[in-house]
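In what follows, a structure is listed as structure tokens, so that the remarks can point back to it.
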Amino acid sequence: SSNMASSPRTDDHIVNGEVSGTARSREWIRLNVGGTYFLTTRTTLCRDPNSFLCRLVQEDPELNTDMDETGAYLIDRDPTYFGPVLNYLRHGKLVVNKDLAEEGILEEAEFYNITELIRLVKERISQRDNRPPKAGKKHMYRVLQCHENELTQLVSTMSDGWKFEQLINIGSQYSYGSEDHTEFLCVVSREYSSSSGSNQCSTDRPDHLDLHSSKDCRKLNFMYNLPASP
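So the sequence shown is numbered by the numbering used here: it starts at 153 and just counts up by one.
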């Protein structure tokens, strides 16, 4: 905040064992990482005493330390990946935004020489790379030829897992009693795992479609598979 960046008063002193003013203001550190400002404490940055950041704020003579016009330490690194590094120093946990790559955080951890964070990121990468792939999902499609008076019954009696996709009017008409009826093609689909085994019971098989409608609604003698949409 602006108060933290302001110059300390000349009458700073210790009250009841607590340091006020100048000494306390020195605890707060301002960093300019790739043009983005971060405000944190000296204690946080020195969580790993051998890290670049701790050496920086301790003004290690072996480091070439530059500051901008606001008094912030200049660090020419990607600010996007500095966030997870700073948060680790704050609470000791590796929290990775889903939009960030672990390899990017590893690069920063190695640059700042934060030993434990390097270990955590490498462990996370190893877990990610060795995670078994998810079972692929596919869609099974069935096409049924039905009369219009069968449509309601068809939809209400489909087996669990099957869903209605499309209704196509094929235009042919025939006389049934004293009424004319239009025929339709009804497309239904079901998602299933590509690892589905042959030992599944009939009602769990991806190609099983249980219909309780009358003989006027019949399955056409073909089907086809398409991969699931990404």
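Glycine included, every Cβ here is placed at the ideal spot set by N, Cα and C.
Ranking F204, V247, F234 and I181 by CA distance to the CA of T222 puts I181 first. Within the same chain, R194 come within 8 angstroms of R178 by CB-CB distance, once the 5 residues on both sides are set aside.
Within the segment 187-248, complete alpha helix (DSSP H) segments of at least 4 residues are found at 194-197, 204-209 and 231-243, given in chain order. Assignment of L337 by DSSP, reduced to helix, strand and coil, places it in the strand class. Here the segment 285-303 makes no contact with the segment 257-269; the two share fewer than three CB pairs at distances below 8 angstroms. Taking a C-beta distance under 8 angstroms as the contact criterion, Y293 and S341 qualify as a contact pair. Residue burial is scored here from C-beta neighbours: I266 has at least 16 other C-beta atoms within 10 angstroms and is therefore classed as buried.
In the DSSP assignment, K250 falls outside any beta strand (DSSP E) and carries neither an H nor an E. Under the three-state reduction of DSSP output, N184 falls in the strand class. Distance from the CA of C298 to the CA of G313, rounded to the nearest whole angstrom, comes to 20 angstroms. Cβ neighbours of I270 within its own chain (closer than 8 angstroms, five residues either side excluded): L258, A261 and E262. In terms of Cα proximity to T188, the closest of S203, C206, D228 and L208 is D228. In its chain, beyond the 5 residues on either side, L197 and Y264 have a beta carbon closer than 7 angstroms to the beta carbon of L205. Here the C-alpha atom of H243 lies approximately 24 angstroms from the C-alpha atom of L226. Per DSSP, R271 is one residue of the alpha helix (DSSP H) stretching across T267 to D281.
For the 8 angstroms CB-CB criterion, L238 and F190 form a contact. Setting aside the 5 residues that flank it on each side, Y233 is surrounded in the same chain by L252, G256, I257, E259 and E260, each with a C-beta closer than 8 angstroms to its C-beta; the list follows chain order.
For Y293, the uninterrupted beta strand (DSSP E) run begins and ends at K289 to H299, by DSSP.
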